[in-house]
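Here's the structure, in C-alpha coordinates; my notes come after.
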Amino acid sequence: MAQRKRRKPMAEINVVPYIDVTLVLMIIFMITAPLIQSGVDVDLPVADAEDVNLEDLPAPVIITITKAGKFFIDLGNGEDDEPVSADEVLILTQAVRKNKPATQVYIRGDKEVQYGKVVTVMAALKNAGVPNVGLMTENF
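Adding 8 to a residue's 1-based position in the sequence shown gives its number in this note's numbering.
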(Lines of atoms letter the chains of each structure in order from A; the text may use other names.)
(Lines give C-alpha, C1' and ligand atoms only; values in the text may rest on other atoms or scores of the structure.)
Protein backbone atom coordinates (compact mmCIF):
# COMPACT_ATOMS: atom_id res chain seq x y z
CA MET A 9 0.00 0.00 0.00
CA ALA A 10 1.13 3.45 -0.84
CA GLN A 11 1.31 5.86 2.00
CA ARG A 12 -0.12 9.29 1.63
CA LYS A 13 2.00 12.26 2.40
CA ARG A 14 0.70 14.19 5.33
CA ARG A 15 0.69 17.89 4.85
CA LYS A 16 1.76 20.02 7.72
CA PRO A 17 -0.94 22.44 8.80
CA MET A 18 -0.03 26.00 7.97
CA ALA A 19 -0.19 28.31 10.96
CA GLU A 20 -1.06 31.59 9.34
CA ILE A 21 -2.89 34.57 10.79
CA ASN A 22 -5.34 36.34 8.54
CA VAL A 23 -4.66 40.05 9.15
CA VAL A 24 -7.25 41.44 6.75
CA PRO A 25 -9.98 41.73 9.44
CA TYR A 26 -7.55 43.57 11.72
CA ILE A 27 -6.72 46.03 8.95
CA ASP A 28 -10.43 46.60 8.32
CA VAL A 29 -11.11 47.31 11.99
CA THR A 30 -8.09 49.62 12.20
CA LEU A 31 -9.21 51.64 9.19
CA VAL A 32 -12.76 51.97 10.53
CA LEU A 33 -11.46 53.15 13.93
CA MET A 34 -9.10 55.60 12.26
CA ILE A 35 -11.96 57.09 10.24
CA ILE A 36 -14.12 57.38 13.36
CA PHE A 37 -11.36 59.18 15.27
CA MET A 38 -10.66 61.51 12.35
CA ILE A 39 -14.32 62.51 12.21
CA THR A 40 -14.86 62.92 15.96
CA ALA A 41 -11.57 64.62 16.89
CA PRO A 42 -12.51 68.06 15.51
CA LEU A 43 -15.86 67.88 17.31
CA ILE A 44 -14.29 67.55 20.75
CA GLN A 45 -14.34 70.84 22.65
CA SER A 46 -13.85 71.88 26.23
CA GLY A 47 -15.89 69.96 28.75
CA VAL A 48 -17.77 72.93 30.18
CA ASP A 49 -20.64 74.27 28.09
CA VAL A 50 -20.83 78.06 28.01
CA ASP A 51 -22.63 80.37 25.62
CA LEU A 52 -19.90 82.80 24.51
CA PRO A 53 -20.75 86.32 23.39
CA VAL A 54 -20.58 86.96 19.65
CA ALA A 55 -18.01 89.44 18.32
CA ASP A 56 -16.20 90.26 15.11
CA ALA A 57 -12.65 89.27 16.05
CA GLU A 58 -9.66 87.61 14.42
CA ASP A 59 -8.58 84.14 15.45
CA VAL A 60 -5.42 83.98 17.55
CA ASN A 61 -2.47 82.03 16.14
CA LEU A 62 -1.11 79.83 18.95
CA GLU A 63 1.16 77.53 16.95
CA ASP A 64 4.49 78.80 18.31
CA LEU A 65 3.29 79.37 21.88
CA PRO A 66 2.76 76.95 24.75
CA ALA A 67 -0.81 75.77 25.34
CA PRO A 68 -2.82 78.63 26.87
CA VAL A 69 -4.52 78.65 30.25
CA ILE A 70 -8.27 78.95 29.69
CA ILE A 71 -10.43 80.07 32.61
CA THR A 72 -14.12 79.33 32.09
CA ILE A 73 -16.84 81.16 34.02
CA THR A 74 -20.29 79.57 33.72
CA LYS A 75 -23.64 81.33 33.86
CA ALA A 76 -23.95 80.15 37.48
CA GLY A 77 -20.63 81.85 38.32
CA LYS A 78 -18.58 78.65 38.72
CA PHE A 79 -14.92 78.63 37.69
CA PHE A 80 -13.21 75.94 35.62
CA ILE A 81 -9.60 76.00 34.46
CA ASP A 82 -7.90 74.26 31.55
CA LEU A 83 -4.13 74.30 32.03
CA GLY A 84 -3.44 73.30 28.45
CA ASN A 85 -4.28 69.63 28.86
CA GLY A 86 -7.91 69.89 27.75
CA GLU A 87 -9.28 68.88 31.14
CA ASP A 88 -11.56 71.36 32.86
CA ASP A 89 -14.45 69.29 34.16
CA GLU A 90 -13.98 70.00 37.89
CA PRO A 91 -15.06 73.37 39.33
CA VAL A 92 -12.38 75.30 41.22
CA SER A 93 -12.42 78.30 43.53
CA ALA A 94 -11.23 81.76 42.50
CA ASP A 95 -8.14 81.31 44.70
CA GLU A 96 -7.29 78.02 42.98
CA VAL A 97 -7.58 79.74 39.59
CA LEU A 98 -4.91 82.24 40.65
CA ILE A 99 -2.62 79.64 42.21
CA LEU A 100 -2.80 77.29 39.21
CA THR A 101 -2.32 80.12 36.71
CA GLN A 102 0.70 81.45 38.60
CA ALA A 103 2.21 77.94 38.74
CA VAL A 104 1.87 77.45 34.99
CA ARG A 105 3.26 80.90 34.17
CA LYS A 106 6.17 80.36 36.58
CA ASN A 107 7.26 77.31 34.54
CA LYS A 108 6.35 78.81 31.15
CA PRO A 109 6.26 82.63 31.29
CA ALA A 110 5.08 82.93 27.66
CA THR A 111 1.83 81.11 28.47
CA GLN A 112 -1.18 83.19 27.53
CA VAL A 113 -4.32 83.38 29.67
CA TYR A 114 -7.85 83.54 28.23
CA ILE A 115 -11.23 83.90 29.90
CA ARG A 116 -14.26 82.08 28.47
CA GLY A 117 -17.12 83.85 30.18
CA ASP A 118 -20.72 82.92 29.45
CA LYS A 119 -22.53 85.87 27.88
CA GLU A 120 -24.99 85.88 30.79
CA VAL A 121 -22.37 85.86 33.56
CA GLN A 122 -22.23 89.03 35.64
CA TYR A 123 -19.76 91.54 34.24
CA GLY A 124 -18.30 92.07 37.71
CA LYS A 125 -17.25 88.41 37.96
CA VAL A 126 -15.15 88.67 34.80
CA VAL A 127 -13.60 91.99 35.84
CA THR A 128 -12.80 90.61 39.30
CA VAL A 129 -10.96 87.64 37.78
CA MET A 130 -9.10 89.91 35.34
CA ALA A 131 -8.03 92.25 38.15
CA ALA A 132 -6.91 89.34 40.33
CA LEU A 133 -4.87 87.91 37.45
CA LYS A 134 -3.30 91.32 36.83
CA ASN A 135 -2.34 91.57 40.53
CA ALA A 136 -0.93 88.03 40.33
CA GLY A 137 1.50 89.10 37.61
CA VAL A 138 -0.36 88.14 34.44
CA PRO A 139 0.26 91.11 32.11
CA ASN A 140 -2.37 90.31 29.46
CA VAL A 141 -5.66 88.46 29.64
CA GLY A 142 -7.70 87.67 26.53
CA LEU A 143 -11.47 87.31 26.32
CA MET A 144 -12.82 84.49 24.15
CA THR A 145 -15.84 85.07 21.90
CA GLU A 146 -17.74 83.33 19.12
CA ASN A 147 -17.20 84.67 15.59
CA PHE A 148 -20.12 86.00 13.55
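From the three backbone atoms N, C-alpha and C, an ideal C-beta is built for every residue, glycine too.
Problem set entry | Coil, strand or helix - Gly137 by DSSP | coil
Problem set entry | Extent of the continuous beta strand (DSSP E) run through Thr72 | 69-73
For this session: With distances taken Cα to Cα, identify the nearest neighbour of Pro66 among Ile21, Lys106, Leu133, Lys13.
Result: Lys106
Problem set entry | As assigned by DSSP and simplified to three states, the class of Gly142 | strand
For this session: From the DSSP output, read off the bridge partner residues of Phe116.
Result: The sequence given here places Arg at residue 116; Phe does not occur at that position. Partner(s): Thr72.
Problem set entry | Buried or exposed by the 16-neighbour rule on C-beta atoms within 10 Å, applied to Gly117 | Buried is the call here.
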